[in-house]
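K.L.:
Quick note, the sequence shown lines up with residues 7 to 459 if you use the numbering used here.
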Amino acid sequence: TVPQAERRDDEKIYHKMSIAELQLLAPAIDWLDYLSYALAPLELTDTEPVVVYGDTYLQQVSDLINDTDRSILNNYLIWNLVQKTASSLDQRFETAQERLLETLYGTRKSCTPRWQTCISNTDDTLGFALGSLFVKATFDRDSKAIAEEMISEIRAAFEVSLDQLDWMDEKTRQAAKEKADAIYDMIGFPDFILDNKELDDVYDGYEVSEDSFFQNMLNFYNFSAKVMADQLRKPPNRDQWSMTPQTVNAYYLPTKNGIVFPAGILQAPFYARNHPKALNFGGIGVVMGHELTHAFDDQGREYDKEGNLRPWWQNSSLEAFKNRTACMTEQYGRYTVHSEKVNGRQTLGENIADNGGLKAAYNAYKSWLQKNGEEKRLPALELTNHQLFFVGFAQVWCSVRTPESSHEGLVTDPHSPDKYRVIGTLSNSRDFVEHFGCPLGSPMNPGKHCEVW
Numbered sequence: 007t008v009p010q011a012e013r014r015d016d017e018k019i020y021h022k023m024s025i026a027e028l029q030l031l032a033p034a035i036d037w038l039d040y041l042s043y044a045l046a047p048l049e050l051t052d053t054e055p056v057v058v059y060g061d062t063y064l065q066q067v068s069d070l071i072n073d074t075d076r077s078i079l080n081n082y083l084i085w086n087l088v089q090k091t092a093s094s095l096d097q098r099f100e101t102a103q104e105r106l107l108e109t110l111y112g113t114r115k116s117c118t119p120r121w122q123t124c125i126s127n128t129d130d131t132l133g134f135a136l137g138s139l140f141v142k143a144t145f146d147r148d149s150k151a152i153a154e155e156m157i158s159e160i161r162a163a164f165e166v167s168l169d170q171l172d173w174m175d176e177k178t179r180q181a182a183k184e185k186a187d188a189i190y191d192m193i194g195f196p197d198f199i200l201d202n203k204e205l206d207d208v209y210d211g212y213e214v215s216e217d218s219f220f221q222n223m224l225n226f227y228n229f230s231a232k233v234m235a236d237q238l239r240k241p242p243n244r245d246q247w248s249m250t251p252q253t254v255n256a257y258y259l260p261t262k263n264g265i266v267f268p269a270g271i272l273q274a275p276f277y278a279r280n281h282p283k284a285l286n287f288g289g290i291g292v293v294m295g296h297e298l299t300h301a302f303d304d305q306g307r308e309y310d311k312e313g314n315l316r317p318w319w320q321n322s323s324l325e326a327f328k329n330r331t332a333c334m335t336e337q338y339g340r341y342t343v344h345s346e347k348v349n350g351r352q353t354l355g356e357n358i359a360d361n362g363g364l365k366a367a368y369n370a371y372k373s374w375l376q377k378n379g380e381e382k383r384l385p386a387l388e389l390t391n392h393q394l395f396f397v398g399f400a401q402v403w404c405s406v407r408t409p410e411s412s413h414e415g416l417v418t419d420p421h422s423p424d425k426y427r428v429i430g431t432l433s434n435s436r437d438f439v440e441h442f443g444c445p446l447g448s449p450m451n452p453g454k455h456c457e458v459w
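#1: Can you tell me the Cβ-Cβ gap for residue 309 and residue 261, rounded? I've got them flagged as a contact below 8 Å.
#2: Give every residue of the same chain whose Cβ lies closer than 8 Å to the Cβ of residue 156, excluding the five residues on either side of it in the sequence, and list them in chain order.
#3: For residue 37, which residues from the same chain have a beta carbon less than 6 Å from its beta carbon, with the 5 sequence-adjacent residues on both sides left out?
#4: How is residue 346 classed by DSSP in three states: helix, strand or coil?
#5: For residue 253, which residues in the same chain have their Cβ closer than 7 Å to its Cβ, ignoring the five residues on either side in sequence?
#6: Where does residue 5 fall in DSSP's three states?
#7: Taking the alpha helix (DSSP H) that residue 439 falls in, what are its first and last residues?
#8: Can you tell me whether residue 38 sits near the ligand GDP, meaning its C-beta is under 7 Å from at least one heavy atom of the ligand?
#9: Evaluate the contact criterion for the stretch 96–113 versus the stretch 75–84: three or more CB pairs, one atom per stretch, below 8 Å.
#10: For residue 264, which of helix, strand or coil comes out of DSSP?
#11: Provide the residue span of the beta strand (DSSP E) that contains residue 193, from first to last.
#12: Taking Cβ to Cβ, would you say residue 282 is nearer than 8 Å to residue 391?
#13: What do you reckon, are the CB atoms on residue 422 and residue 344 nearer than 8 Å?
#14: Which first and last residues belong to the beta strand (DSSP E) in which residue 338 is found?
#15: Quick one: grab the DSSP three-state call for residue 409.
#16: Give the secondary structure of residue 392 by DSSP, where H, G and I count as helix, E and B as strand, and everything else as coil.
#17: Taking 8 Å as the cut-off, does the stretch 136–154 touch the stretch 193–200 (at least 3 CB pairs, one atom from each stretch)?
#18: Check whether the stretch 201–213 touches the stretch 399–406, taking contact to mean three or more Cβ pairs, one atom from each stretch, closer than 8 Å.
#19: With a cut-off of 8 Å on the beta carbons, I'd call residue 183 and residue 165 a contact; round off their distance for me.
#20: Please state whether DSSP places residue 21 in a helix, a strand or coil.
#21: Pairing CB atoms from the stretch 303–317 with CB atoms from the stretch 11–21, are three or more of them under 8 Å?
#22: Quick one: what's got a C-beta closer than 8 Å to residue 32's C-beta in the same chain, skipping five residues either side?
#23: Taking the beta carbon of residue 185 as the centre, do at least 16 other beta carbons fall within 10 Å, making it buried, or is it exposed?
#24: Please list the segments of the alpha helix (DSSP H) lying wholly inside the stretch 32–79, counting only runs of 4 or more residues, in order along the chain.
#25: Hey, is the stretch 340–354 in contact with the stretch 220–240, meaning 3+ C-beta pairs nearer than 8 Å?
#26: Residue 209 by DSSP, collapsed to three states: which one?
#27: Provide the residue span of the beta strand (DSSP E) that contains residue 259, from first to last.
#28: State the CB to CB distance for the pair residue 456 and residue 337, rounded to an integer number of angstroms; the pair is presumed to be in contact (CB under 8 Å).
#29: Which value, in whole angstroms, describes the spacing of the CA atoms of residue 426 and residue 47?
#30: Relative to the alpha-carbon of residue 90, which residue among 238, 393, 356, 226 has its alpha-carbon at the smallest distance?
#31: Taking contact to mean 3 or more Cβ pairs, one atom from each stretch, closer than 8 Å, check whether the stretch 313–330 and the stretch 366–381 are in contact.
#32: Which whole-angstrom value is the C-beta distance of residue 266 and residue 361, which I expect to be below 8 Å?
#33: Can you look up residue 218 in the DSSP assignment and give me helix, strand or coil?
#34: Of all the options 126, 264, 231, which has the alpha carbon lying nearest to the alpha carbon of residue 242?
#35: Under 6 Å Cβ to Cβ from residue 439, same chain only, skipping five residues before and after it: list those, please.
#36: Using the DSSP secondary-structure output, state which residues sit across from residue 243 in a beta bridge.
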């Protein structure tokens, strides 16, 4: 398969071709027949364009299918079906799956209360309906306006940093500023979830049975496939959300040049209306800066302001960018977890975003202080508000993982381990070094600071 680290270079792995060309590439599968069945009632021909990521992988899979006994292939397909549906089957299947997960990740799953299982499955299938209840019951509408203002301040701080870069030529810099200006942000929730009719329309065609939980899950899989097939013939919808409002996460989508911050993440420890600005900028502010910086990481930089995959950098700036990212690749590649090294190349995009996000959020906080004045310090803490900003960033990443889970993360996760998301980012921050007085040559002030944005 395509190595994890190489999957971030879309210019190399993006291959557009017809179904007929795909058939020549991987002939073991009748692609027109398979796709026509999967996307029914959509009508397809062998001239239909498709995008293939990892053409060599598909070639090898095709060869493997031809060289493998049919009974093994059948068993493999059945195993995948059972694994996907195990959580919807009876206790025998759930117990077997828990034993597998314990072997893989070293954790023993306690018996999940039925109410949690019900909420989890409802979230998976009727996420926006559940999000409507969540927003109406818990979300402070003022938080949406406050978050939008914070994003505007962080975007402005990022653009000021662009003006100060000595390694970027003017043409690329101007294009980068235009891309930053064009980033489309979606905060809290999509408006349609507050309109019952529009919400019902989203689930039109999804049949829910009152007496068969398993059938409901199968119905949802079929419903999702039909929704996807229906969208293939429509122009892209920039306002479409890929994450439900109650999700505690955020993302940047390069093909839309958009960032999304669901209502679920606009709460402690990331954000609270009664928190000092230092904590909010250090928490949700860094997350905002992180997602914004993804537009200019090793993958996001390949897309223009409209979300098109095309080269828009001048060669001199591109080479300077690669030289600076090489510093970060080397830095994070020296970190270890249980004697196993972090893959600095695999985690490069997230490390760029962590470092750029912290810098943009801190500069935005300083701009806020210039306009509004110094905040009162929190009682009982011998911390300045500037120090509190960095503590707010660090405490978000407190975590505990088993050795097995840590190993799995090092192999597959594009993020660095949480410990090094903090240590790596802060040791690159001259502002952190200044406010905490870290001596030159100490672990948090090694002298060499990797900086891209």
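We put the CB at the ideal spot given by N, CA and C, even for glycine.
P.N.:
The short version:
#1: One-based indexing of the sequence shown puts residue 309 at position 303. One-based indexing of the sequence shown puts residue 261 at position 255. Contact flag correct, Cβ pair sits at about 7 Å.
#2: The residue given as residue 156 occupies position 150 in the sequence shown. Here the set comprises 286, 287, 290, 291, 294, 370.
#3: For the purposes of this step, residue 37 is taken as the residue at position 31 of the sequence shown. Within the same chain, residue 37 has close Cβ partners 25, 28, 29.
#4: Residue numbering aside, residue 346 sits at position 340 when the sequence shown is read from its first letter. Strand.
#5: For the purposes of this step, residue 253 is identified with residue 247 of the sequence shown, where counting begins at 1. If we look at residue 253 and ignore the five residues flanking it on each side, its Cβ neighbours are 268, 270.
#6: With the chain running from 7 to 459 in the structure shown, residue 5 is simply not present.
#7: Residue numbering aside, residue 439 sits at position 433 when the sequence shown is read from its first letter. Start and end: 436–442.
#8: The ligand content of the structure shown is nil, which means the ligand GDP is not present either.
#9: no
#10: Looking up residue 264 in the sequence shown gives position 258. Residue 264: strand per DSSP, three-state reduction.
#11: Translated into positions along the sequence shown, residue 193 becomes position 187. First-last of the beta strand (DSSP E) with residue 193: 190–194.
#12: Counting from one through the sequence shown, the residue named residue 282 turns up at place 276. Counting from one through the sequence shown, the residue named residue 391 turns up at place 385. Yes, Cβ-Cβ distance for residue 282 and residue 391 is below 8 Å.
#13: Within the sequence shown, residue 422 is the residue found at index 416, counting from 1. Within the sequence shown, residue 344 is the residue found at index 338, counting from 1. Not closer than 8 Å, so no.
#14: Sequence index remark: in the sequence shown, residue 338 carries index 332 (1-based). Residue 338 -> not in any beta strand (DSSP E); alpha helix (DSSP H) instead, spanning 321–339.
#15: Here residue 409 corresponds to residue number 403 of the sequence shown, with the count starting at 1. Three-state DSSP puts residue 409 in a helix.
#16: As a first step, residue 392 is located in the sequence shown; it is residue number 386 there, counting from the start. Reduced to three states, the DSSP call for residue 392 is helix.
#17: yes
#18: no
#19: Here residue 183 refers to the residue found at position 177 of the sequence shown. Here residue 165 refers to the residue found at position 159 of the sequence shown. 5 Å between Cβ atoms; contact.
#20: As a position in the sequence shown, residue 21 is number 15, starting the count at 1. In this structure, residue 21 counts as strand in the three-state DSSP scheme.
#21: yes
#22: In the sequence shown, the residue the question calls residue 32 occupies position 26. 64, 65, 67, 68, listed in sequence order.
#23: As a first step, residue 185 is located in the sequence shown; it is residue number 179 there, counting from the start. So residue 185 ends up on the buried side.
#24: 37–44, 61–73
#25: no
#26: Within the sequence shown, numbered from 1, the residue matching residue 209 stands at position 203. Residue 209 falls in the coil class under three-state DSSP.
#27: Locating residue 259 in the sequence shown gives position 253, counting from the first residue. Start and end: 257–259.
#28: Taking the first residue of the sequence shown as position 1, residue 456 is located at position 450. Taking the first residue of the sequence shown as position 1, residue 337 is located at position 331. The Cβ separation is near 5 Å, so the contact holds.
#29: The residue you call residue 426 lines up with position 420 of the sequence shown. The residue you call residue 47 lines up with position 41 of the sequence shown. Roughly 49 Å separates the two Cα atoms.
#30: Residue mapping note: residue 90 aligns to position 84 of the sequence shown, counting from 1. Checked all of 238, 393, 356, 226; the closest Cα to residue 90 is 226.
#31: no
#32: Position 260 of the sequence shown, counted from the first residue, corresponds to residue 266. Position 355 of the sequence shown, counted from the first residue, corresponds to residue 361. Not confirmed; about 21 Å, so no contact.
#33: Mapped onto the sequence shown, residue 218 falls at position 212. Coil.
#34: Your numbering for residue 242 matches position 236 in the sequence shown. Per the Cα distances, 264.
#35: Numbered from its first residue, the sequence shown carries residue 439 at position 433. The residues are 451.
#36: Taking the first residue of the sequence shown as position 1, residue 243 is located at position 237. The partner list for residue 243 (beta bridge, DSSP) is empty, contrary to what the question assumes.
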